Amino acid sequence: MDGAVMNKVLLGILGAFVLFVIVVVLAGVGTYNSLVNRSQAVDAQWAQVQNVYQRRADLIPNLVATVSGAANFEKSTLTEITEARASVGKVQLSPNSAPTDPAQLAEFEKAQGALGSALSRLLVVSENYPTLRATANFQTLQAQIEGAENRIAVERGRFNELARDYNASIQRVPAVFFAAALGFKEKAYFAAAAGADKAPTVQFDFSKPAAAKP
Numbered sequence: 000m001d002g003a004v005m006n007k008v009l010l011g012i013l014g015a016f017v018l019f020v021i022v023v024v025l026a027g028v029g030t031y032n033s034l035v036n037r038s039q040a041v042d043a044q045w046a047q048v049q050n051v052y053q054r055r056a057d058l059i060p061n062l063v064a065t066v067s068g069a070a071n072f073e074k075s076t077l078t079e080i081t082e083a084r085a086s087v088g089k090v091q092l093s094p095n096s097a098p099t100d101p102a103q104l105a106e107f108e109k110a111q112g113a114l115g116s117a118l119s120r121l122l123v124v125s126e127n128y129p130t131l132r133a134t135a136n137f138q139t140l141q142a143q144i145e146g147a148e149n150r151i152a153v154e155r156g157r158f159n160e161l162a163r164d165y166n167a168s169i170q171r172v173p174a175v176f177f178a179a180a181l182g183f184k185e186k187a188y189f190a191a192a193a194g195a196d197k198a199p200t201v202q203f204d205f206s207k208p209a210a211a212k213p
């Protein structure tokens, strides 16, 4: 093989190699940008989840103040919800970045779940106080709390969908080869509890008479 032919072969190999590198780089850049967009979408939705939880927490002081004005209202119920709200404040997660540690998210979810349960019990107990139930402020709070619970269920569901989409993306080729090295880590999910597909509601049966007091 003479020199001219050898040069053409080498140039052909070099050209093919350069083309391969360009394709790989373009694919890598496209994948990286896609992961950035998906990660930011998860983080934005996480901020929205925290926003709706905070909205519910902000309603509680007004609710407690309204309910505590009822004569002989059960103090233990008020104490429970106050303590549950304080516990939520102790679980601090970044509002700007979705958690990657499932244990941290589980702790956050546990505290929020305890607050939700305490809130539900307080509202159920309130049914025994017809005068309280009849006040406009209480009725407004009831509607706002129900709306907050529904928004929480919706925003949590959206967060899980975006997190699953992002997590699947970093495990696909070619992202799987460089995602971890570039700092793309899996996002944690909210656990799906029984009946989590249906948003919780707060309802009052005003048709029933109040329970008799001893």
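By the count of numbering that gives the first Met the number 0, the sequence shown reaches residue 213 at its end, each step adding exactly one.
Cβ atoms here follow ideal geometry from the backbone N, Cα and C, with glycine treated the same way.
Remember, predicted model here, so these are calculated numbers, not experimental data.
The C-alpha of R54 lies about 14 angstroms from the C-alpha of W45. Fewer than three pairs of CB atoms, one per stretch, sit closer than 8 angstroms, so the segment 134 to 149 makes no contact with the segment 95 to 105. The continuous alpha helix (DSSP H) containing Y165 extends over residues 135 to 168. In this structure, D42 keeps its C-beta atom at 8 angstroms or more from the C-beta atom of A85. Counted as a single uninterrupted DSSP element, the stretch harbouring L92 is not any alpha helix (DSSP H), since DSSP gives it neither H nor E.
Minimum Cα-Cα distance from Y188 among the listed residues S67, D164, L34 corresponds to D164. The segment 52 to 67 makes contact with the segment 117 to 127, as at least three CB pairs between them are under 8 angstroms.
In this structure, V51 places its C-beta atom within 8 angstroms of the C-beta atom of A147.
T76 is classed as buried because its beta carbon has at least 16 other beta carbons within 10 Å across all chains shown.
Under the three-state reduction of DSSP, A187 is assigned to coil, being neither helix nor strand. Take the alpha-carbon of T134 and the one of L34: they are about 51 angstroms apart. Membership of E126 in any alpha helix (DSSP H) is not indicated, and neither H nor E is assigned to it by DSSP.
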